[in-house]
C-alpha cells in the first residue's frame, strides 16, 4: 500500500517524521529531542483506533489496548466497521424487534460502546489547542537554593520527585526531592525539602550549546492537578500515555516540549525539565 492511499492524517504524520529525520541528520536535534518528537507521532483515527508512527523501520503501529502492535494503516476509502458506527446507525433494528429483542440489541450496543471507550481511554493521545496559562511561582526557593541561583543562574535541567516518608514520630511527612543540573559548569546539586544534600561533578561530554529551558523548579509543587501543571508550564499541547493499572493504577505520563511529568489520580508526583543541546 502506498502512502497516497492512506487517509490525510496518516500522510501528515509521515511527512512530519520525514522532517524530523532530516533535522536529526543535519544535527539540529539531539538524540533525546529526536526520540521525544518521534514518540509524539500518534493519532486517533475516525474509527476510534490509535496509531503511532515510529520504532524499527519507522513503521505504523496500532494500540491493541495493551501494547503497540505493528500494523498496516487503513486506506483512504476504508469503511468504518459497524461496531464503530454512530449510535443513530444502530437504532434501526430497535424498530423491528420487541421485548427481549430490544433488550438484546441495547445490551450489544452498550457492550460495544463501553469496549470502545475503554480502549480509547487506555490509548496515548495528543492534546492540542490549549490556551496558555500564566507561569508563576508556587513554591518558594530555600536560602540554599537562592544562593545557587545567584551564583549560577536557573538550572539548565531539573528533576522533581514528590513522595511521603515516615518521620521519627511514626507520622508521614511530604518530601520534595530535587536535582538541578548545570551542564555548562559541570555541576549537579541535590536538595531535599530545600536543604542542599549533595553537589557532584557532571560530565556529559557536551559538544554544543545548551538550549535554555522555559521552566523553573519554583513553578511546580507537590500534588498539583493536570490543569495546574499545564497552566504553570504554559503548555499549549502535550502527549498523554496512560499507564497499565498493574503498574500504577490511575497513573499517566505526559510529554511536552522539553518536559516530562507523571501524575497519579490527577496528582503530580514527578516532573523533569529536559535540556536540549545544539550540536556543534
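Residue numbers (the numbering used here): 92 to 371.
Yeah, the Cβ is synthetic: ideal placement off N, Cα and C, and Gly gets one too.
Continuous alpha helix (DSSP H) stretch holding residue 64: start and end: With the chain running from 92 to 371 in the structure shown, residue 64 is simply not present.
Beta-carbon contacts of residue 290 that lie in its chain and below 8 angstroms, excluding the five residues immediately before and after: Only 278, 279, 280, 281 meet the Cβ criterion.
Delimiting residues of the beta strand (DSSP E) encompassing residue 265: Looking at the DSSP string, the run of the beta strand (DSSP E) that includes residue 265 is 263-273.
Chain B contact for residue 134 (CB, 8 angstroms cutoff): Protein chains in the displayed structure number just one, and chain B is not present.
Inter-residue Cα distance where the pair is residue 263 and residue 254: C-alpha of residue 263 to C-alpha of residue 254: approximately 10 angstroms in a straight line.
Cβ-Cβ distance between residue 216 and residue 135 below 8 angstroms: The answer is yes: Cβ separation under 8 angstroms.
Candidates 246, 351, 362, of which the one nearest residue 124 by Cα: Among 246, 351, 362, the Cα nearest to that of residue 124 is on 351.
Distance between residue 362 and residue 332 (C-alpha atoms, nearest Å): Their Cα atoms are separated by approximately 15 angstroms.
Residue 314 to residue 265 span [Cα, whole Å]: Each residue's alpha carbon lies about 10 angstroms from the other.
For residue 122, the three-state DSSP class (helix, strand or coil): DSSP places residue 122 in the helix class (H, G or I) of the three-state scheme.
Candidates 137, 230, 133, of which the one nearest residue 144 by Cα: Nearest option by C-alpha distance: 133.
For residue 161, three-class secondary structure by DSSP: Three-state result, residue 161: strand.
Inter-stretch contact (C-beta, 8 angstroms, three-pair minimum) for the region 345-359 and the region 233-243: Judged by pairs of C-beta atoms under 8 angstroms, the region 345-359 does not touch the region 233-243, as fewer than three such pairs exist.
Integer Cβ distance of residue 368 from residue 121, believed to fall under 8 angstroms: About 5 angstroms separates the two Cβ atoms, so the contact holds.
Sequence-distant residues of its chain with Cβ nearer than 6 angstroms to residue 219 (five each side left out): Excluding positions up to five away in sequence, the list reads 328.
Cutoff 7 angstroms; reference residue 364; Cβ partners in own chain excluding five residues on either side: Its chain contains 248, 249, 304, 306, 349, 350 as the residues whose beta carbon lies nearer than 7 angstroms to that of residue 364, once the 5 sequence neighbours on both sides are disregarded; these appear in chain order.
Where residue 199 falls, given that 16 or more other Cβ within 10 Å makes a residue buried: A caution first: residue 199 carries a pLDDT of 42, below 50, which makes its placement in the model too unreliable to give a value.
Per-residue DSSP class, three states only, for residue 194: Caution is warranted here: a pLDDT of 42 is assigned to residue 194, below 50, making its placement in the model unreliable, and no coordinate value can be reported.
Cβ separation of residue 324 and residue 347, assumed to be a contact under 8 angstroms, to the nearest whole Å: Confirmed, about 7 angstroms.
Close beta carbons around residue 294, own chain, < 7 angstroms, minus the five adjacent residues each side: Annotation for residue 294: 277 place their beta carbon closer than 7 angstroms to its own, counting only its chain and skipping 5 residues before and after.
Residue 117, buried or exposed, once every other Cβ within 10 Å from all chains shown has been counted against 16: So residue 117 ends up on the exposed side.
Check whether residue 238 and residue 311 have beta carbons under 8 angstroms apart: No, the Cβ-Cβ distance between residue 238 and residue 311 is not below 8 angstroms.
Identity of the residues DSSP links to residue 283 by a beta bridge: Looking at the DSSP output, residue 283 shares a beta bridge with 268, 286.
Per DSSP, cross-strand counterpart(s) of residue 368: BP columns for residue 368 point to 301.
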